[in-house]
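Chains as they are written, first to last, in the working numbering: chain B, 5 to 290; chain F, -4 to 313. Idealized CB from N, CA, C, for every residue including glycine. Note that this is a predicted model, so its numbers are computed, not measured.
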Amino acid sequence: MSATRFTNQVDYGVGIGLRIPHYQHILERKPVVDWFEIISENYMVDAGRPLHVLDQILESYRVVQHGVSMYFGNAARPNRDHLKKLKALTRRTNTPWLSDHLCWGSVDGRYTHDLLPMPYTWEAVEFTARNIREVQDFVGVPVAVENVSSYAEFHASEMTEWEFLCEVVERADCGILLDVNNIYVSSQNHTFDPLDYVNAVSPERVAQIHIAGHTKYERFILDTHDHPVIDPVWKIYKRAIERCGRTATLLEWDDKIPSFQEVHREALKATRYLPEAESAKVEVAA
Amino acid sequence: MLKSKSQPSARKTEAIPALSKQQEEIDRSLRGIQQMMSQVLFRPLTSSEGMQPEWNDGRPTAEVVSEFIKPNDRLTSFERLEIYNQQYWWRLLGVFQEDFRGVRAVLGIRKFDKLAVEYLQAHGSTTWSVRDLGQHLVGFLEAHPELTAPRSDLAIEMARVEWAKVIAFDGPALPVLDPQSIAETPPDKLKLRLQPYMTLLELRYPIDHMLKRLKDRGSTSARASNAMSGSRQASLRLLKGNPSRSPIHLAVHRRQFSVYYKRLEPEAYRLLVALRGGASLADACASAFSDSNMPETQAAERIREWFQVWMQLGWLAQ
Chain B
5 MSATRFTNQV DYGVGIGLRI PHYQHILERK PVVDWFEIIS ENYMVDAGRP
55 LHVLDQILES YRVVQHGVSM YFGNAARPNR DHLKKLKALT RRTNTPWLSD
105 HLCWGSVDGR YTHDLLPMPY TWEAVEFTAR NIREVQDFVG VPVAVENVSS
155 YAEFHASEMT EWEFLCEVVE RADCGILLDV NNIYVSSQNH TFDPLDYVNA
205 VSPERVAQIH IAGHTKYERF ILDTHDHPVI DPVWKIYKRA IERCGRTATL
255 LEWDDKIPSF QEVHREALKA TRYLPEAESA KVEVAA
Chain F
-4 MLKSKSQPSA RKTEAIPALS KQQEEIDRSL RGIQQMMSQV LFRPLTSSEG
46 MQPEWNDGRP TAEVVSEFIK PNDRLTSFER LEIYNQQYWW RLLGVFQEDF
96 RGVRAVLGIR KFDKLAVEYL QAHGSTTWSV RDLGQHLVGF LEAHPELTAP
146 RSDLAIEMAR VEWAKVIAFD GPALPVLDPQ SIAETPPDKL KLRLQPYMTL
196 LELRYPIDHM LKRLKDRGST SARASNAMSG SRQASLRLLK GNPSRSPIHL
246 AVHRRQFSVY YKRLEPEAYR LLVALRGGAS LADACASAFS DSNMPETQAA
296 ERIREWFQVW MQLGWLAQ
């Protein structure tokens, strides 16, 4: 839903991920883009070029932070140094909400730098919700958790992934970043109907949607973010928009990155499915 | 505070408020699964880049992983976890390779890959940022010359410069020194600080020139995106270099948000090292020229020139 408490009451349209190969084009040409999503960790540094570029972007664009290593699903609690740096960055960017993944990635102080799948257990629900609440309270910005692509399932699981997601966000009272490409990838890898997933998610909690491409191998699909969005993923997106209404949408393209124009064009395909913003309707009516 | 086998260390225990007995059991269970899976991920790949078929205790790995990972109609439990095992190593090796392209070019692909696996096993990532992955490499290379022989000295110097580049890229900066404060403070009272992002190095090999030769190779990548990669690239032209007759003094720094190398005269290097060590300006100047044959008037002129340049480069801080 647009402009809810999970988006800090702001209504964003279609954005793209800010990536290094596009820096020059964006800073020199200043193309019209509704918003950029940044990978928080790339800018959680002390000084230097990353922050210099970010500050220039912030002069002209709206930015939303997306993290890749908070690991809400870790058995351990969130790292304090990480939280402090993240909070400092939110003050810089004024991000209306921030997101990270429904996954784990480190244990006993050792990091995998991967988005690892959760065992869908009640125990994991409790710990994940606790960690999300702690991050949300510390940073003071609404948090949206993103479903990940996965390639393995645990015997220990006691529920489906979407049941797990719903339980976690209810207990943490947070938003959802619904990645429809990840739903598709996991549905193929684990053989479920992706629309069952979309239909189960609480639409009022969906703060943002991710779209992306992937790579199909003979026996599984990898979430590579290096292709255009395929039709079955658009179909899931269409259904998500039917349920959630106008929702901030973001295209991720992280490898074999084409020109800025091509990435932006691909992202704007989402507007075929998005209802107009209330503000736009008012302008037309006037 | 409840005591439990699952609490990993006293240091961590201090930071975590007491949990109820029920929570603690839950924690142990979740942690147990995560410890098991991470053990699988951290085991190096085979020479054919697959998951090791034999577990630590001699059992088939397939048997071990099938205890906690479900198979599906296309992949066994082993094959499903192998995807993660491969992605872990390919991602970290990719970052490591990108940060130490010079070391790789000095050693060659096979030797570098072996070194990288040994290093990452000894010093797996302990922070949320892959930026810090190589922070222990120089010490590791010094402790394990057998991994880089016969080019150990060159590999160590290359690693020192490449780690200095990581620091120079995004390391912290202090406010630049106000020239007025130098003029107003007597030299024996004046203590100057150097920018923390700058590293001073004494080298035997012309690493700066060697790295310039490498500059047009390779490309950037989205290092923190967590997108999966399908395979790992491997192509390389070996980088060669001979030791210099006299030591090379190098500052690795940044200007206008780009990383640069600047060669220093030996006296200038000693002066900067003394300042970094906390010496007053007067003491630093004295130590810089203690072994120098340079006449005093010439030395004074050189110091003036150096400071002019260093101020322009923003090296001196409050």
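| query | result |
| --- | --- |
| Straight-line gap, A51 of chain B to T194 of chain F (C-alpha atoms, nearest Å) | 16 Å |
| Beta strand (DSSP E) segment containing W108 of chain B, residue limits | W108 to V111 |
| Near-chain B residues of the region 112 to 124 of chain F (beta-carbon distance less than 8 Å), N- to C-terminal order | G119, S120, T121, T122, W123 and S124 |
| CB contact check: F264 of chain B to chain F, cutoff 8 Å | no |
| Chain B residues whose Cβ lies nearer than 9 Å to that of G166 of chain F | V49, D50, A51 and G52 |
| A128 of chain B: contacting residues in chain F (beta-carbon distance under 7 Å) | L25 |
| Length at least 4, wholly inside the region 117 to 142 of chain F: the alpha helix (DSSP H) runs in chain order | 132 to 138 |
| Sufficient close CB pairs (3 or more, under 8 Å) joining the region 184 to 194 of chain F to the region 76 to 86 of chain F | no |
| First and last residue of the uninterrupted alpha helix (DSSP H) at K91 of chain B | R84 to T97 |
| Proximity of S285 of chain F and A269 of chain F at Cβ, strictly below 8 Å | no |
| Stretch pair the region 19 to 37 of chain B + the region 251 to 271 of chain B: three plus CB contacts closer than 8 Å | yes |
| Range covered by the alpha helix (DSSP H) that runs through K65 of chain F | Where K65 of chain F is concerned, there is no enclosing alpha helix (DSSP H), given that its DSSP letter is neither H nor E. |
| Beta-carbon proximity of A176 of chain B to A133 of chain B, cut-off 8 Å | yes |
| Sufficient close CB pairs (3 or more, under 8 Å) joining the region 164 to 174 of chain B to the region 230 to 246 of chain B | no |
| Q69 of chain B, buried or exposed, once every other Cβ within 10 Å from all chains shown has been counted against 16 | buried |
| Opposing strand residues paired with Q69 of chain B [DSSP bridges] | B:I42 and B:L102 |
| The alpha helix (DSSP H) enclosing G89 of chain F, as first and last residue numbers | S72 to D94 |
| C-beta neighbour in chain F for H86 of chain B, strict 8 Å | yes |
| Host alpha helix (DSSP H) of S253 of chain F (start-end) | From DSSP, S253 of chain F is part of no alpha helix (DSSP H) but of the beta strand (DSSP E) over S253 to L259. |
| Heavy atom of the ligand PLP within 7 Å of G113 of chain B beta-carbon | In terms of ligand content, the structure shown is empty, and the ligand PLP therefore cannot be addressed. |
| The beta strand (DSSP E) enclosing R250 of chain F, as first and last residue numbers | I243 to R250 |
| Buried versus exposed call for P174 of chain F [16 or more other C-beta atoms within 10 Å across all chains shown] | exposed |
| CB contact below 8 Å: L120 of chain B versus chain F | yes |
| L106 of chain B beta carbon less than 8 Å from that of V37 of chain B | no |
| 7 Å Cβ shell around L272 of chain B - same chain, five flanking residues per side excluded | V18 |
| CA-to-CA distance, M46 of chain F to N151 of chain B, given in whole angstroms | 26 Å |
| Own chain partners of R9 of chain B with C-beta closer than 7 Å, once the 5 adjacent residues on each side are dropped | P146 |
| Burial state of S44 of chain B (16 or more Cβ within 10 Å) | buried |
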